[in-house]
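One gets the working numbering by counting positions in the sequence shown from 1 and adding 120 to each.
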Amino acid sequence: MLADRIAALPPEEIKQIGPTLQYKLKHPKLQQISSGGFSLGSQSGDAAAAKPEEKKAEKTAFDVKLEKFDAAAKIKVIKEVRTFTNLGLKEAKDLVEKVPVLLKQGVTKEEANDIIEKIKAVGGVAVME
121 MLADRIAALP PEEIKQIGPT LQYKLKHPKL QQISSGGFSL GSQSGDAAAA
171 KPEEKKAEKT AFDVKLEKFD AAAKIKVIKE VRTFTNLGLK EAKDLVEKVP
221 VLLKQGVTKE EANDIIEKIK AVGGVAVME
């Protein structure tokens with residue numbers, strides 16, 4: 121099997137596989153394959169157990185996205201967007217008209233929830249990503 125033959129290679133050759141495949145396949149997103157990526161036997165169970173722990177890591181930065189708004193509340197939504205984006209009237213209007221649009225990036229969960237509640241109060245629908 122190909123995986124067994126690759127795993128048997130010396131570490132120097134294993135490190136060359138990723139860039140070589142990337143070049144041959146003309147694929148820019150292939151990452152370098154390292155010897156740490158291969159595991160045999162019972163070690164694979166340990167690697168599988170470690171992956172769920174990584175997924176449980178708490179996300180600390182959130183993005184707030186304006187999904188939609190009531191047409192009658194457009195002016196109120198624009199005014200509210202201006203309060204937390206520090207944009208001018210024209211810039212805020214242009215931003216709101218591009219719905220769905222990202223309003224703010226990298227904010228805390230509390231700040232994101234606060235923004236979402238304010239948008240909801242004036243007739244818009246915002247979500248946290």
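For every residue, glycine included, the Cβ atom is placed at its ideal position computed from N, Cα and C.
Which first and last residues belong to the beta strand (DSSP E) in which Ala246 is found?
Segment Gly244 to Met248, the beta strand (DSSP E) holding Ala246.
Compute the distance between the beta-carbons of Ile235 and Phe204, then report whether it is under 8 Å.
Yes.
One or two residues paired with Leu222 in a DSSP bridge:
In DSSP, Leu222 forms a bridge with Lys185.
Give the single residue among Leu122, Phe182, Pro130 and Arg125 whose Cα lies nearest to the Cα of Glu230.
The residue with the shortest Cα to Cα distance from Glu230 is Phe182.
For Pro130 and Val221, the rounded distance between their alpha carbons
Looking at the two C-alpha atoms, the distance is approximately 49 Å.
Contacting residues, own chain, Cβ-Cβ under 7 Å from Ile196 (five flanking each side not counted):
A quick correction: the sequence has Lys, not Ile, at residue 196. So the qualifying residues of the chain are Val242 and Gly243.
What does a CB cutoff of less than 6 Å around Val247 pick up in its chain, not counting 5 residues either side in sequence?
Around Val247: Lys185 and Glu187.
Proximity winner among Lys199, Glu132, Gln225 and Arg125, relative to Thr180 (alpha-carbon distances):
Closest option to Thr180, Cα to Cα, is Gln225.
Lys229 - containing alpha helix (DSSP H), residue span
Lys229 -> alpha helix (DSSP H) spans Lys229 to Ala241.
Status (buried if at least 16 other CB within 10 Å, exposed otherwise) for Glu200
The residue is buried, with at least 16 neighbouring Cβ atoms inside 10 Å.
Would you kindly check if the distance between the Cβ of Leu209 and the Cβ of Leu215 is under 8 Å?
No. Outside cutoff.
Buried/exposed call for Leu223, threshold 16 Cβ in 10 Å
The C-beta of Leu223 has 16 or more other C-beta atoms within 10 Å across all chains shown, which makes the residue buried.
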